[in-house]
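K.L.:
890 is the number of the first residue of the sequence shown in this note's numbering; add one for each residue after it.
Backbone N, C-alpha and C fix where the C-beta goes; we use that ideal spot for every residue, glycine too.
Here the structure is a predicted model, which means the values were calculated and not measured.
Sharing a structure with you now.
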Amino acid sequence: HPTKGRISILGKDTAGATISDLSRHVGLVFQNPDHMFFADSVYEEVAFGVDNLGLKDQDAIIKNVLERARLFPAKDLYPRWLSRGERQRLAIACVLAMQPEIIILDEPTTGLDGRESREVMEMLKELQIAGHTIIVVTHSREIAQDVADRVIAMDRGKIVSDTVPEVA
């Protein structure tokens, strides 16, 4: 557990903030997307968060994020029938549907082949271009250098470098 330091989100100190307050602005995608799935269809999986937040135009939001994740044709499928890469994109879509400004992903390419990794990273780049802040936790320097506009390396809880990758 951290013993010192501060985290601010959108300029506000998070000390004392509730999970509910933070979840309105920050979405988290776990390393293994299978840990978050429980619905009987891809559509219902995305709909859960949207419904909990009481967002308007729910069907339009769900359709939009499924199209962005390239999963709309699979909307009626059982989530665990999807490929590993599709399940990762579904996990991102579930978070994206709740419309957070910041999306944090823990090792989003773990277990993916090269094509699936590229598809996930392309989706994240599109989200960044659309104005989302994307934070990727990864052990892969290659991924960090290829997709990030800022790379912060840590060792034993301390920042050891904070760089801006060169654009190729």
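Would you give the residue range spanned by the beta strand (DSSP E) that D1051 belongs to?
P.N.:
1047 to 1052
K.L.:
Could you check if P997 is buried or exposed, using at least 16 other CB atoms within 10 Å of its CB as the buried criterion?
P.N.:
buried
K.L.:
Beta-carbon separation of Y932 and K893 under 7 Å?
P.N.:
Between Y932 and K893, the gap from beta carbon to beta carbon reaches 7 Å or more.
K.L.:
Could you tell me whether the region 919 to 932 touches the region 994 to 1012, using the rule of 3 or more Cβ pairs below 8 Å?
P.N.:
yes
K.L.:
Looking at the secondary structure, which residues open and close the alpha helix (DSSP H) in which A1037 lies?
P.N.:
Looking at the DSSP string, A1037 is not in any alpha helix (DSSP H), and its letter there is neither H nor E.
K.L.:
Assess contact between the region 975 to 992 and the region 950 to 967, defined as three or more Cβ pairs (one per stretch) separated by less than 8 Å. Is contact present?
P.N.:
Because the criterion of three Cβ pairs below 8 Å is met, the region 975 to 992 and the region 950 to 967 touch.
K.L.:
Of all the options E1011, K1014, I1018, A1033, which has the alpha carbon lying nearest to the alpha carbon of V1053?
P.N.:
A1033
K.L.:
Throw me the rounded Cβ distance for the L1013 and I1023 pair, which I believe falls under 8 Å.
P.N.:
5 Å
K.L.:
Excluding five sequence neighbours on each side, which residues of the same chain lie with their C-beta closer than 6 Å to the C-beta of G1000?
P.N.:
R973
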